[in-house]
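Report on the following structure.
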Amino acid sequence: MDQNSAQKIESDLDVILSMIDELQEVDTSKIEPMFSPIEQTAIVYDDVISSDNLKEDFLTQAPNSDNNFFKVPKVVE
Amino acid sequence: MLANKEITPSELTEESISLAKRYASLNCFNVINEEAAIAQSRNLSFDSNNLLSCIPIAHKDLFCIKDLETTCSSKILEGYKPPYTATVVKNLENAGCITIAKTNMDEFAMGSSNETSYFGNVHNPWLKNHVPGGSSGGAAASVASGIVPLATGTDTGGSIRQPAALCNLTGLKPTYGRISRWGMIAFASSLDQAGPIAHTAKDCAIALDAMTGHDSKDSTSLHLGKTTTLETLEKHTSLTLGIVKEFNGQLSAEMELAFQKSIMTYQSLGYKIKEITLPNIKYSVPTYYVIAPAECSSNLSRFDGVRFGFRSKNIQNLEDLYVKSRSEGFGNEVKRRILIGTYVLSAGYYDAYYKKAQQVRRLIAEDFNSAFKECDLILTPTSPGTTFAFDSKGSKDPTELYLEDLFTIAANLAGIPAISVPQAFVNNLPSGHQLIGPHLSESAILQTAHHFQLNSDWHLKSPSMESFL
Numbered sequence: 007m008d009q010n011s012a013q014k015i016e017s018d019l020d021v022i023l024s025m026i027d028e029l030q031e032v033d034t035s036k037i038e039p040m041f042s043p044i045e046q047t048a049i050v051y052d053d054v055i056s057s058d059n060l061k062e063d064f065l066t067q068a069p070n071s072d073n074n075f076f077k078v079p080k081v082v083e
Numbered sequence: 002m003l004a005n006k007e008i009t010p011s012e013l014t015e016e017s018i019s020l021a022k023r024y025a026s027l028n029c030f031n032v033i034n035e036e037a038a039i040a041q042s043r044n045l046s047f048d049s050n051n052l053l054s055c056i057p058i059a060h061k062d063l064f065c066i067k068d069l070e071t072t073c074s075s076k077i078l079e080g081y082k083p084p085y086t087a088t089v090v091k092n093l094e095n096a097g098c099i100t101i102a103k104t105n106m107d108e109f110a111m112g113s114s115n116e117t118s119y120f121g122n123v124h125n126p127w128l129k130n131h132v133p134g135g136s137s138g139g140a141a142a143s144v145a146s147g148i149v150p151l152a153t154g155t156d157t158g159g160s161i162r163q164p165a166a167l168c169n170l171t172g173l174k175p176t177y178g179r180i181s182r183w184g185m186i187a188f189a190s191s192l193d194q195a196g197p198i199a200h201t202a203k204d205c206a207i208a209l210d211a212m213t214g215h216d217s218k219d220s221t222s223l224h225l226g227k228t229t230t231l232e233t234l235e236k237h238t239s240l241t242l243g244i245v246k247e248f249n250g251q252l253s254a255e256m257e258l259a260f261q262k263s264i265m266t267y268q269s270l271g272y273k274i275k276e277i278t279l280p281n282i283k284y285s286v287p288t289y290y291v292i293a294p295a296e297c298s299s300n301l302s303r304f305d306g307v308r309f310g311f312r313s314k315n316i317q318n319l320e321d322l323y324v325k326s327r328s329e330g331f332g333n334e335v336k337r338r339i340l341i342g343t344y345v346l347s348a349g350y351y352d353a354y355y356k357k358a359q360q361v362r363r364l365i366a367e368d369f370n371s372a373f374k375e376c377d378l379i380l381t382p383t384s385p386g387t388t389f390a391f392d393s394k395g396s397k398d399p400t401e402l403y404l405e406d407l408f409t410i411a412a413n414l415a416g417i418p419a420i421s422v423p424q425a426f427v428n429n430l431p432s433g434h435q436l437i438g439p440h441l442s443e444s445a446i447l448q449t450a451h452h453f454q455l456n457s458d459w460h461l462k463s464p465s466m467e468s469f470l
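Top line first, the protein sequences correspond to chains Y and E. The first sequence runs 7 to 83 under our numbering. The second sequence runs 2 to 470 under our numbering.
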């Protein structure tokens with residue numbers, strides 16, 4: 007990000023954060039957070055083997071791959 | 002026309018594709034699925050028992066379709082061809098729909114004006130150089146222009162309903178969990194929901210019944226069968242519609258007049274109107290702008306230049322790969338929201354922002370529960386105004402554009418269904434009102450919207466399209 011974009015984003019974030027700060031005036035002392043509109047417990051799946059391995063298909067979408075691996079610049083000297 | 006054999010499935014598909022090309026200057030499509038659509042239409046025979054048989058459809062460009070480029074209108078997914086197809090697309094194809102194109106949208110669905118797309122702005126078919134709304138702006142423009150009769154959209158804070166209102170269409174956001182999110186590229190997972198955009202409530206009902214149903218691939222998919230809203234569409238019971246006290250005085254005089262005309266139409270049809278209160282509704286926009294960016298910052302971490310999509314050419318090491326691919330791949334609005342999201346989730350701020358917003362979210366959802374003891378559905382305007390000129394909102398103050406979703410966001414926070422319905426024009430431009438209902442009340446919402454449309458003709462008006470030739 008260059009200097010100009012950084013300054014613009016910084017001032018945008020100030021405006022957005024001051025809008026968000028309105029939430030501080032709400033008394034939420036005894037309120038449980040609502041993380042999802044569906045408050046159901048995790049679904050348990052049947053223990054069945056599926057064969058949806060699309061490895062080759064996914065590797066064709068990689069910007070760079072070699073055999074069975076995604077290729078990235080060297081990490082270890 | 003298909004039933005009377007006045008047109009064949011392939012002629013209809015070719016006509017739709019030819020319109021898409023004729024109105025290319027609308028910029029409502031990211032990719033046209035020409036070859037595959039024509040091949041599909043030649044192989045399909047019309048099934049008179051199936052209302053969606055051979056109907057051309059456009060999908061928002063965040064639904065994965067096998068081997069068809071899917072970008073979310075972002076440079077970071079340029080060239081990405083998914084190896085699988087989203088459940089909702091499959092459901093519609095199984096019902097007979099033919100995918101004509103993928104529609105332009107705000108980048109990763111972040112926007113209310115379709116001005117954040119990497120592929121440029123979409124025009125409103127009613128007025129050139131004006132926004133179609135967002136984020137499903139391309140979807141709305143593709144239906145309003147007559148290219149397709151039906152399009153899919155997604156709605157995280159109003160992204161189906163607001164463009165529907167600005168383009169004179171009917172757009173439904175179903176209950177959270179009604180429609181599978183599998184294969185739909187995530188923005189904010191606890192708010193995102195797919196839905197139909199069409200001319201009428203009846204068309205939305207037909208599409209919804211095909212789109213819904215449990216999907217074991219989506220852990221938040223409700224354990225319910227397909228909806229049957231078309232069967233009950235003609236059932237009209239005179240319900241009580243709640244008018245939100247806190248929304249008084251939020252509209253211009255012209256918009257208020259259009260909304261009052263809708264209220265009067267409902268009254269004349271026997272609906273009771275009752276003022277209700279949603280005391281915490283004014284906090285819905287700030288609540289949303291904590292939760293949605295928090296979830297997006299997590300969801301968008303997968304776009305790293307390693308496994309799919311865009312990778313920066315100018316890299317020396319692994320850190321460069323991440324930083325430059327993301328810096329060059331994401332647009333400004335997306336970056337802004339990722340920064341807000343990581344900030345509100347960071348240690349030391351989590352309780353003050355993220356947890357606080359989720360607590361206020363519960364208060365807003367409880368307000369709706371209390372209100373639905375007083376009324377059956379809630380009636381509000383869909384958006385504060387009509388379409389506006391490109392670059393006229395949000396460039397100095399981003400929150401100006403966020404307030405476009407003032408009336409729509411709360412339904413996403415609570416996970417409840419809502420529809421936008423065309424109403425009286427304001428200064429010759431479309432406007433809409435919204436019906437919000439309790440969880441799983443899609444039938445009542447669609448019946449009421451349909452009843453309104455049987456007694457009004459706003460939804461029948463279409464734009465001239467001359468300026469796009």
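Glycine is no exception: its CB is placed at the ideal position from the N, C-alpha and C atoms. Being a predicted model, the structure only gives us computed values, none of them experimental.
In terms of residues, what are the limits of the alpha helix (DSSP H) holding residue i?
i: P287 (chain E); result: 285-300
i: H451 (chain E); result: 443-455
i: A40 (chain E); result: 35-44
i: M256 (chain E); result: 254-269
i: V89 (chain E); result: 88-95
i: P164 (chain E); result: 162-167
i: Q360 (chain E); result: 357-372
i: G139 (chain E); result: 138-145
i: G349 (chain E); result: No alpha helix (DSSP H) contains G349 (chain E), which DSSP labels as neither H nor E.
i: T400 (chain E); result: 399-403
i: G330 (chain E); result: 319-330
i: K61 (chain Y); result: 61-65
Compare the C-beta of residue i with all C-beta atoms of chain E and state if any pair is closer than 8 Å.
i: S42 (chain Y); result: yes
i: I55 (chain Y); result: no
i: V21 (chain Y); result: yes
i: A12 (chain Y); result: no
i: D63 (chain Y); result: yes
i: V82 (chain Y); result: no
Which partner residues does residue i have in the DSSP bridge list?
i: T155 (chain E); result: E:A195
i: K129 (chain E); result: The partner list for K129 (chain E) (beta bridge, DSSP) is empty, contrary to what the question assumes.
i: T16 (chain E); result: The displayed chain sequence assigns Glu, not Thr, to residue 16 (chain E). In DSSP, E16 (chain E) forms no bridge with anything.
i: A1 (chain E); result: Within the shown structure, residues of chain E are numbered from 2 to 470, placing residue 1 (chain E) beyond reach of any answer.
i: H434 (chain E); result: E:P382, E:V422
i: E276 (chain E); result: E:I244
i: D72 (chain Y); result: Y:F75
i: L69 (chain E); result: E:I66
i: V427 (chain E); result: E:L430
i: A390 (chain E); result: E:H131
Let me see if you follow: with CB-CB separation under 8 Å, is residue i close to chain Y or not?
i: D406 (chain E); result: no
i: F304 (chain E); result: no
i: A110 (chain E); result: no
i: I8 (chain E); result: no
i: Q251 (chain E); result: no
i: Q435 (chain E); result: no
i: V361 (chain E); result: yes
i: T288 (chain E); result: yes
i: N130 (chain E); result: no
i: G226 (chain E); result: no
i: L402 (chain E); result: no
i: G349 (chain E); result: no
i: T221 (chain E); result: yes
Would the C-beta of residue i count as close to the ligand HEM, meaning under 7 Å from any of its heavy atoms?
i: R363 (chain E); result: Of ligands this structure carries none, so the ligand HEM is not represented either.
In terms of residues, what are the limits of the beta strand (DSSP E) holding residue i?
i: L173 (chain E); result: 171-174
Can you list the residues of chain E that residue i reaches, using a CB-CB cut of under 7 Å?
i: F76 (chain Y); result: V307, R308
i: D18 (chain Y); result: R337, P399
Taking residue i as the query, report the chain E residues whose CB atoms sit under 9 Å from its CB, ordered along the chain.
i: V50 (chain Y); result: In chain order: nothing, as chain E lies at least about 10 Å away.
i: Q67 (chain Y); result: G80, Y81, K82, P83, P84, R308, F309, G310
Who are the neighbours of residue i on chain C, taking C-beta pairs under 9 Å?
i: V291 (chain E); result: The question asks about chain C, but that chain is absent: this structure's protein chains are Y and E.
For residue i, go through chain Y and note every residue whose CB falls closer than 7 Å to its CB, in chain order.
i: I148 (chain E); result: Per Cβ cutoff of 7 Å: no residues; I148 (chain E) is ~29 Å from chain Y at best.
In chain Y, which residues lie with their C-beta within 8 Å of the C-beta of residue i?
i: K357 (chain E); result: L29, Q30, V32, T34
Q: Count the CB pairs spanning the region 411-428 of chain E and the region 136-151 of chain E that are closer than 8 Å, and state whether there are at least three.
A: These segments do not touch.
Q. How do the region 290-306 of chain E and the region 320-339 of chain E stand: do at least 3 beta-carbon pairs fall below 8 Å, yes or no?
A. yes
Q: Would you be able to state if there are at least three C-beta pairs under 8 Å between the region 276-287 of chain E and the region 57-65 of chain E?
A: no
**Q.** Three CB pairs or more closer than 8 Å across the region 355-364 of chain E and the region 36-50 of chain Y
**A.** yes
Q. For the 8 Å Cβ check, are there 3 or more pairs between the region 232-246 of chain E and the region 370-390 of chain E?
A. yes
Q: Could you say if the region 117-137 of chain E and the region 10-18 of chain E meet the contact criterion of at least three C-beta pairs nearer than 8 Å?
A: no
**Q.** Touch test, the region 421-429 of chain E against the region 166-175 of chain E, Cβ-Cβ under 8 Å, three pairs minimum
**A.** yes
Q.
Check whether the region 67-78 of chain Y and the region 201-217 of chain E are in contact - that is, three or more C-beta pairs closer than 8 Å.
A. no
Q. Using 8 Å as the Cβ pair cut-off and three pairs as the minimum, do the region 223-236 of chain E and the region 389-400 of chain E touch?
A. As far as the Cβ criterion goes, the region 223-236 of chain E does not touch the region 389-400 of chain E, which means the pair count is below three.
Q: Please confirm if the region 264-282 of chain E is in contact with the region 311-319 of chain E, defined as three or more CB-CB distances below 8 Å between the two stretches.
A: no
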